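One structure is given below, encoded as structure tokens.
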Amino acid sequence: MSDEIATKQICENSVSSEDSANQCVHDLHERQACVSKILEKVFRPLEECDPKLWRRRAYLLLIAIVYERMAMDRSEISTKELTELAKVLTQNDGKGRKGRSPKANSKTRVPTAENGAALHEAVRELYGTNLK
Amino acid sequence: MANGRDTHEIKRIRNETLVALKVVYPAALQADQILRSLLVIFPTLEFDSLKRDLHYLCDKRYIERVLLESEGDAALTPWRRRWFRLTTAGMELADHCIADPALDDA
Numbered sequence: 001m002s003d004e005i006a007t008k009q010i011c012e013n014s015v016s017s018e019d020s021a022n023q024c025v026h027d028l029h030e031r032q033a034c035v036s037k038i039l040e041k042v043f044r045p046l047e048e049c050d051p052k053l054w055r056r057r058a059y060l061l062l063i064a065i066v067y068e069r070m071a072m073d074r075s076e077i078s079t080k081e082l083t084e085l086a087k088v089l090t091q092n093d094g095k096g097r098k099g100r101s102p103k104a105n106s107k108t109r110v111p112t113a114e115n116g117a118a119l120h121e122a123v124r125e126l127y128g129t130n131l132k
Numbered sequence: 001m002a003n004g005r006d007t008h009e010i011k012r013i014r015n016e017t018l019v020a021l022k023v024v025y026p027a028a029l030q031a032d033q034i035l036r037s038l039l040v041i042f043p044t045l046e047f048d049s050l051k052r053d054l055h056y057l058c059d060k061r062y063i064e065r066v067l068l069e070s071e072g073d074a075a076l077t078p079w080r081r082r083w084f085r086l087t088t089a090g091m092e093l094a095d096h097c098i099a100d101p102a103l104d105d106a
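Protein chains in written order, with my numbering: chain C, 1 to 132; chain Z, 1 to 106.
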């Protein structure tokens, strides 16, 4: 509940005029699009490998927390950073696919450390350091 | 008009709910997380109001509740803690593959 009150206060302050309200909507949509790409690149193989995960609490919490932090916490991660991360992940995925056999893109693909490596690589390219 | 909200706003809130769920599809979000996401653009939105919209979207089969193994009695889970995900119809609507005049935002 306190999170909700805090969010309301921040939003009421930022959505003070119609222009800033429109900007707010635009910014949220931009962030959501980036988060969608990032979730797709990092978690998609996991979803494909086991639809039962949709009902698993830990999996749902993980995705929801990632969504919440990335889509809404503008002070922690700027929209520009998110956009760049999504872009780099998409580019890396394209590079990776060129060298892979067609089988690697099939629905039965099992998640490996490859996805984590892609994220590490993206972060390294963006910030010049790794996640550790 | 319902609960002081005009038709345009009701449609926008329902559409934004679908958009938020589309981001995590095929995973789900808790009602409380959906509310916080919507507060970014609808700062005066109340939870009871969103609850009605979630009911509505469930009745229209655009979203569905995800029941966890840990939920012994689904009816006892507080609303804010309930998980919802897009259905295939909801995904099609969010992707504008199908149209629903009740949700189309002119």
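Where a beta carbon is used, it is the ideal one built from N, C-alpha and C, also for glycine.
These numbers were taken from a predicted model, which means no experiment stands behind them.
{"Check": "Between the Cα of residue 61/C and the Cα atoms of 62/Z, 43/Z and 81/Z, which residue gives the shortest distance?", "Outcome": "81/Z"}
{"Check": "Under 9 Å between C-beta atoms, does residue 91/C make it to chain Z?", "Outcome": "no"}
{"Check": "If you drop the 5 nearest sequence neighbours on each side, which residues of the same chain put their C-beta closer than 8 Å to that of residue 98/Z?", "Outcome": "89 and 92"}
{"Check": "Does residue 44/Z pass the burial test, meaning 16 or more other C-beta atoms within 10 Å, or should it be called exposed?", "Outcome": "exposed"}
{"Check": "For the alpha helix (DSSP H) containing residue 38/Z, name the first residue and the last one.", "Outcome": "31 to 39"}
{"Check": "For the putative contact between residue 66/Z and residue 63/C, defined by C-beta atoms under 8 Å, what is the C-beta separation to the nearest angstrom?", "Outcome": "Residue 66/Z to residue 63/C, Cβ: 12 Å. No contact."}
{"Check": "Hey, how far is the Cα of residue 8/Z from the Cα of residue 50/Z?", "Outcome": "15 Å"}
{"Check": "For residue 131/C and residue 51/C, I'd like the C-alpha separation in whole angstroms.", "Outcome": "Here the model assigns residue 131/C a pLDDT of 48, short of 50, so the residue's position is not dependable and the matter cannot be decided."}
{"Check": "Under the assumption that residue 19/Z contacts residue 94/Z (Cβ atoms under 8 Å), give the Cβ distance between them as a whole number of angstroms.", "Outcome": "6 Å"}
{"Check": "Under a Cβ-count criterion, where at least 16 other Cβ atoms within 10 Å of its own Cβ denotes burial, should residue 63/Z be classed as buried or exposed?", "Outcome": "buried"}
{"Check": "Should residue 104/Z go down as buried or exposed, given a rule of 16 or more other Cβ atoms within 10 Å for buried?", "Outcome": "exposed"}
{"Check": "Name the chain Z residues that come within less than 8 Å of residue 49/C, Cβ to Cβ?", "Outcome": "By Cβ distance, chain Z contributes nothing, its closest Cβ being about 12 Å from residue 49/C, past 8 Å."}
{"Check": "Measuring CA to CA, which of 27/Z, 30/Z, 38/Z and 32/Z is closest to residue 12/Z?", "Outcome": "38/Z"}
{"Check": "What does residue 85/C touch in chain Z if you count any residue whose Cβ is under 7 Å from its own?", "Outcome": "Within 7 Å Cβ-Cβ: nothing; residue 85/C doesn't reach chain Z, min ~15 Å."}
{"Check": "Following the continuous alpha helix (DSSP H) through residue 18/Z, name the residue where it begins and the one where it ends.", "Outcome": "7 to 24"}
{"Check": "Using the C-alpha atoms, what's the distance from residue 20/C back to residue 105/C?", "Outcome": "Residue placement at residue 105/C is flagged as unreliable, the pLDDT there being 45, under the threshold of 50; the coordinate-derived value follows with that caveat. Whole-angstrom Cα-Cα distance: 42 Å."}
{"Check": "In terms of alpha-carbon separation, which member of 26/Z, 5/Z and 53/Z lies closest to residue 16/Z?", "Outcome": "53/Z"}
{"Check": "Could you compute how far the alpha carbon of residue 65/C sits from the alpha carbon of residue 23/C?", "Outcome": "24 Å"}
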